[in-house]
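*Asks:*
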Amino acid sequence: AQTIHQWPVAEIKAVGSPLSLGCTIKGKSSPNLYWYWQATGGTLQQLFYSITVGQVESVVQLNLSASRPKDDQFILSTEKLLLSHSGFYLCAWSQTGESAETLYFGSGTRLTVL
Amino acid sequence: SQWGEENLQALSIQEGEDVTMNCSYKTYTTVVQWYRQKSGKGPAQLILIRSNEREKRSGRLRATLDTSSQSSSLSITGTLATDTAVYFCATDHYNQGKLIFGQGTKLSIKP
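Just so you know, the protein sequences line up as chains A and B, in that order. Each residue of the first sequence is one higher than the last, beginning at 83 in the numbering used here. Each residue of the second sequence is one higher than the last, beginning at 2 in the numbering used here.
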C-alpha cells in the first residue's frame with residue numbers, strides 16, 4: 083500500500099527566516115507530485131507539480147520554490163518567509179496526472195509565520 | 002453553493018438528517034471530484050463523477066452532475082457525527098490535469 087508522509091507536522095517561524103518542508107511517498111513508483119496551500123478556512127490552491135525527478139512546474143508565484151531530488155521525495159522551500167506564507171501545506175500524489183485522477187493527500191504541515 | 006469568490010459555506014444539522022451540498026463551476030470539465038477534509042487533516046476523495054454520468058452512488062453518498070448548468074451536488078443520507086468536515090468539489094480546468102477546488106462547505110453534524 084502507498085503511504086505519504088509529510089514533515090514537519092507544524093512549524094512556527096519568524097518573518098525573513100528560511101523554510102524547508104518535505105514529503106515522501108512510499109510504495110508508488112514515479113508518481114505525479116503536488117504541493118497545495120490552504121489558508122485557514124480557505125480552499126486549496128495548487129502551488130507546484132512534478133511528473134518526474136528534477137522537473138517541477140510552478141502554478142502560482144508565492145516566493146516559494148519546489149524541488150524533486152528523488153523519485154519519492156518533494157521539497158518546498160523559501161529563503162525568506164513572509165507573513166502571507168502562513169497556512170496549511172499539503173503534499174499530494176496521483177497516478178498519471180490526467181484529469182480523471184484521484185489525488186492522495188498527506189496530513190499536511192501547519193506553518194505559522196510571526 | 003461553492004465556487005468563485007464565495008466564502009466558505011457552513012451548514013449545521015442534526016445527526017440522522019439528510020443533507021445536500023451544491024457546487025457550480027465556471028469552466029469546461031470532464032470530471033467532478035468530491036473530497037472531504039476533516040479538521041487538521043488532508044482531504045480524501047469521496048466520489049468521482051464523469052461528464053457522461055448523471056448520478057453516482059457510494060454507500061450513503063450520492064453525487065449528481067449536470068453539465069448543461071455546470072453544477073454538481075453531493076448528498077449524504079442519514080448523517081453521522083463523523084460526517085462533520087469540510088466538503089470540496091474539484092474540477093479539471095479545461096481538462097488540463099490541474100485540479101481546481103471550490104471554496105468548500107463546512108458541515109457540522111450535531112449528535
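Glycine included, each C-beta is placed from N, C-alpha and C at the ideal position.
1. Do the stretch 28-37 of chain B and the stretch 133-142 of chain A meet, that is, are 3 or more Cβ pairs less than 8 Å apart?
2. Determine the contact status of L103 (chain A) and K95 (chain A), defining contact as a CB-CB distance below 8 Å.
3. Using a Cβ-Cβ cut-off of 8 Å, state whether S199 (chain A) counts as contacting chain B.
4. Can you tell me whether F89 (chain B) sits near the ligand PLP, meaning its C-beta is under 7 Å from at least one heavy atom of the ligand?
5. Quick check: the Cα distance between G169 (chain A) and T85 (chain A), rounded to an integer number of angstroms?
6. Go through its chain and collect everything with a Cβ distance to L165 (chain A)'s Cβ below 7 Å, but skip five positions before and after it.
7. Residues of chain A with CB closer than 8 Å to the CB of F104 (chain B), please, in chain order.
8. Nearest by alpha-carbon distance to K99 (chain B): which of B:T28, B:C24, B:S13, B:N23 is it?
9. Identify the contact partners of S189 (chain A) in chain B, using a Cβ-Cβ distance below 9 Å as the criterion.
10. Would a check of beta-carbon distances place L185 (chain A) closer than 8 Å to chain B?
11. Looking at chain B, which residues of the stretch 120-154 of chain A have a Cβ within less than 9 Å of any of its Cβ atoms?
12. Which of the three DSSP states is assigned to L165 (chain A) in this structure?
13. What does L172 (chain A) touch in chain B if you count any residue whose Cβ is under 9 Å from its own?
14. Following the continuous beta strand (DSSP E) through E36 (chain B), name the residue where it begins and the one where it ends.
*Replies:* Looking at the coordinates:
1. no
2. no
3. Since the displayed chain A opens at 83 and closes at 196, residue 199 (chain A) lies outside it and no answer follows.
4. Of ligands this structure carries none, so the ligand PLP is not represented either.
5. 23 Å
6. V97, V195
7. The displayed chain sequence assigns Gln, not Phe, to residue 104 (chain B). The contact set of Q104 (chain B) on chain A, defined by CB atoms closer than 8 Å, consists of G124, T125 in chain order.
8. Relative to K99 (chain B), the option among B:T28, B:C24, B:S13, B:N23 whose CA is nearest is B:T28.
9. G41, K42, G43
10. yes
11. Q120, G123, G124, T125, L126, Q127, Q128, Y131, V141
12. helix
13. G43, P44
14. A quick correction: the sequence has Tyr, not Glu, at residue 36 (chain B). From DSSP, the beta strand (DSSP E) with Y36 (chain B) extends over 32-38.
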